[in-house]
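Notes follow the structure.
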Amino acid sequence: MIQARFLPALALIAGLSLYAPSTAQQPPQPGSGPGEGPPANSALPVVPKSAGAFVTLKVSDLARNPDLKAALTQLAKQPDALAGLTEVIGVAPTEIDRVTLFWPRLVPRGGSEPILVVTTSAPFNEVRVLKNLKAEPVFENHRHPGRPGFNGSPPRVEAKSPTPIERPVEVIPDPKDADSGLANADGGDAEPLCYSLARNVFSVLFLVDDRTLVFLPGERNGEFIRLALLSASLKKNATGPLADALAAAGNHTFAAGVHLSPLFREFDRHVPRDLVPYTALLGTRNAVITGDLNESAKLKLTLTFDDATAAKRAAPVLEEGIGTVAEKLNEWAAEMKESRRPFEKSAAPIVSTFAASLKKASVKTEGAAVLASTEVDAGPVASKAFGDLLQAVQSRKKAEQRMNNLKMIGLALHSYHDANGKFPTNVYGPKGEVLLSWRVHLLPYLEQDALYRQFKMDEAWDGPNNKALIEKMPKVYLAPDRDHAKGETYYQGFIGSDPQKGQPKGIFGRPWLRQGEKTGLAITSIHDGTSNTLAVIEAGEGVIWSKPADLPFGGAVPPLGDKGWDRTPALRFDGSVSLFPTNLKPELFWPYVTVDGGEVTIDPEEAADSTRPPLGARPAPPPVLKVAPK
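The sequence shown begins at 205 in the numbering used here and counts up by one.
Here it is, written out as structure tokens:
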């Protein structure tokens with residue numbers, strides 16, 4: 205919530221932003237006409253010259269790069285891939301010209317949140333932006349808590365003792381004045397001061413002009429950031445250590461800068477052991493890096509020191525440090541290449557290419573500055589990686605859409621248990637023959653009672669009556685975007701063999717379903733915990749939904765999910781649904797299926813990567829400890 209005492213300051217910030225030199229009206233320039241992109245300007249809009257740190261990316265340069273154009277075109281055809289980003293910044297990624305984050309002032313210990321500036325290539329649709337962000341307007345009269353219109357609610361009325369009052373005279377308002385209270389409660393202007401973002405990582409939005417959106421941070425340190433921005437905007441001829449870098453940042457595809465002196469003061473009393481060899485670099489006042497995307501990416505790092513002597517001392521230290529970073533990146537790239545996680549695997553070639561470019565970096569001194577530069581020929585590699593990442597995002601997004609079906613199945617399982625004191629099992633005949641699937645038992649709890657009544661419970665799934673019902677499979681059993689025959693489902697449980705035939709080798713405990721078991725499992729029998737035990741999973745091969753067919757328990761792990769998936773939607777007995785690894789070894793997988801095995805399981809993501817620890821983490825403990833039940 206925006207505190208009332210800061211609304212005047214926010215209004216002033218909005219006004220100053222409109223008239224800041226970086227966004228003032230410029231003489232017409234080539235290519236600055238309507239629809240031809242924003243006016244050419246080397247400075248960054250809104251960012252004050254006294255900012256303590258910034259990072260900016262010209263997104264439109266990526267779209268013009270021939271190596272990335274194909275991947276970005278593919279992205280434009282799949283708007284849902286980055287729909288979450290639109291909900292945060294209000295515009296589609298394809299509309300963005302430049303994105304900038306800046307910190308008006310850095311606070312070493314207290315932390316600091318950045319301000320976000322988004323500029324678009326063409327005038328944005330204001331209505332669409334405000335709808336995407338679910339923004340609420342903040343008017344001038346919002347500064348008076350308790351007054352009508354504050355936070356959209358009427359003032360609180362205090363209860364008083366009844367006193368005689370004169371009968372009020374009814375006044376019929378003039379229709380011409382019908383909107384006067386909305387437009388101008390105090391005689392002010394109807395234009396909102398700003399917009400409040402209640403459901404966003406940022407809390408305040410300013411529409412500076414038709415191409416510039418400014419987002420201020422949330423409650424944590426939000427007031428400090430707003431005052432810091434106000435202070436920087438009020439100072440006449442304000443400048444700062446990054447003023448030159450900010451003035452030139454708009455000329456680059458990528459630029460970032462940070463005033464390091466306040467941060468390095470934290471090392472005055474103690475230097476971490478890993479940084480002791482690089483102590484000479486702790487004298488850096490400012491660090492600025494720029495990148496330009498042409499046929500290759502040219503990167504330049506500039507470290508500024510107090511004098512030339514300090515710069516000469518730091519140059520060889522920086523060169524050694526760059527080499528160390530390159531070696532570490534190569535190690536990470538090798539690990540990422542072998543990862544089962546598609547995001548890591550896709551990014552591995554980029555990391556490897558960047559490491560190779562660092563090894564070729566040249567370092568030199570110019571007065572009180574140390575310059576390091578290199579060239580990264582990562583265009584084709586980045587294009588392929590971007591395509592792979594997009595495919596991974598789409599694959600996961602489709603899987604998440606299917607998770608909703610499992611959530612409904614989970615609710616139905618628990619509703620059945622509430623009504624019957626146990627979970628459903630398959631339908632058996634008087635001679636022990638299996639007739640129908642447990643999925644049929646769930647129909648009344650999936651709003652399919654009429655369909656349930658059409659089944660003959662003493663007839664097999666492929667009998668004359670029941671076979672005709674196969675094509676009436678409820679949509680909840682249908683896995684979207686997967687090839688399947690009519691009446692086929694991929695949502696299956698795990699079924700064990702008849703207990704009289706023995707237990708699968710090396711496995712303790714039993715699954716939910718057992719062949720020949722007519723009595724369902726009670727939730728109190730899940731001794732391993734409902735949150736640790738799988739109930740239903742999306743399998744690799746489909747079965748007729750009413751047929752009593754499920755995944756076999758024990759032995760090799762059956763195919764899970766669609767071909768090429770490393771994760772598949774899975775329902776646990778507590779009703780939670782998640783993406784579960786499809787590549788676990790049997791000794792790691794089956795403990796998640798048993799209801800009473802006594803195994804101690806770890807997070808399945810860690811189990812999936814049990815052959816190596818996650819990047820930058822310690823080796824994982826043994827994934828499963830088997831304890832034989834008494």
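Quick reminder that beta carbons are idealized off the backbone N, C-alpha and C, glycines included.
Quick caveat: nothing in here was measured; it's all calculated off a predicted structure.
Per-residue DSSP class, three states only, for residue i
i, result
"His463", "strand"
"Thr324", "strand"
"Gln652", "coil"
"Leu562", "helix"
"Trp307", "strand"
"Val585", "helix"
"Pro553", "helix"
"Pro396", "coil"
"Gly525", "helix"
"Leu446", "coil"
"Leu764", "strand"
"Ala402", "coil"
"Pro752", "coil"
"Gln719", "coil"
"Asn490", "strand"
"Gly758", "coil"
"Gly495", "strand"
"Glu692", "strand"
"Asp662", "coil"
"Phe410", "strand"
"Ser735", "helix"
"Gly697", "coil"
"Ser782", "strand"
"Thr457", "coil"
"Lys253", "coil"
"Leu647", "helix"
"Ala267", "helix"
Residues near residue i in its chain [Cβ-Cβ closer than 6 Å; skip 5 each side]
i, result
"Glu791", "none"
"Leu320", "Leu305, Phe419"
"Asn608", "none"
"Pro762", "Leu755"
"Ala753", "Val747"
"Gly724", "Lys626, Phe627, Pro628, Thr629"
Cβ neighbour criterion (16 or more within 10 Å) applied to residue i
i, result
"Gln652", "buried"
"Gln719", "buried"
"Val797", "buried"
"Gly636", "exposed"
"Asp622", "exposed"
"Glu535", "exposed"
"Thr786", "buried"
"Lys690", "exposed"
"Pro270", "exposed"
"Ser550", "buried"
"Ser556", "buried"
"Thr693", "buried"
"Met835", "This structure cannot speak to residue 835, because the chain is shown only from 205 to 834."
"Lys564", "exposed"
"Phe547", "exposed"
"His474", "exposed"
Among the options, the one whose alpha carbon lies nearest that of residue i
i, options, result
"Thr290", "Val631, Phe258, Thr324", "Thr324"
"Ala460", "Lys563, Phe306, Thr578", "Phe306"
"Glu604", "Thr734, Leu783, Val492, His474", "Leu783"
"Tyr399", "Phe343, Leu505, Asp413, Ala326", "Phe343"
"Leu610", "Pro785, Thr298, Arg776", "Arg776"
"Lys671", "Asp496, Ser556, Thr723, Lys751", "Lys751"
"Glu524", "Glu742, Ala576, Val585, Tyr632", "Ala576"
"Pro795", "Ser556, Asn736, Asn608, Ile293", "Asn736"
"Leu522", "Gly801, Val263, Leu505", "Leu505"
"Asn624", "Leu639, Leu646, Tyr632", "Leu646"
"Thr457", "Ala538, Ser780, Ala267", "Ala267"
"Val303", "Ala339, Ser264, Lys789", "Ser264"
"Ala515", "Leu788, Thr569, Ile699", "Thr569"
Cβ-heavy atom distance, residue i to the ligand GTP, below 7 Å
i, result
"Pro249", "Of ligands this structure carries none, so the ligand GTP is not represented either."
Min CB distance residue i to chain D below 8 Å
i, result
"Ala451", "Considering every chain present, this structure includes no chain D. It has just one protein chain."
Residues near residue i in its chain [Cβ-Cβ closer than 8 Å; skip 5 each side]
i, result
"Ala518", "Ala484, Leu485, Gly487, Thr488, Leu507, Phe509, Val574"
"Pro368", "Low confidence applies to Pro368: its pLDDT is 48, below 50, so where it sits in the model is not reliable, and the reading given next is rough at best. Within the same chain, Pro368 has no close Cβ partners at all."
Nonlocal neighbours in the same chain, by C-beta distance under 7 Å from residue i, ignoring five residues either side
i, result
"Leu411", "Glu330, Leu417"
"Gly294", "Val333, Asn336, Leu337, Leu417"
"Val740", "Leu610, Ile613, Tyr695, Gln696, Gly697, Leu775"
Is the segment 668 to 688 touching the segment 587 to 594 in the sense that three or more CB pairs, one from each, lie closer than 8 Å? Segments in contact, no.
When you compare the segment 445 to 453 with the segment 247 to 266, are there three or more beta-carbon pairs, one atom per stretch, that lie closer than 8 Å? These segments touch.
Are the segment 325 to 344 and the segment 293 to 303 touching by the rule of at least three beta carbon pairs closer than 8 Å? With a cut-off of 8 Å, the segment 293 to 303 and the segment 325 to 344 count as touching, because enough Cβ pairs lie within range.
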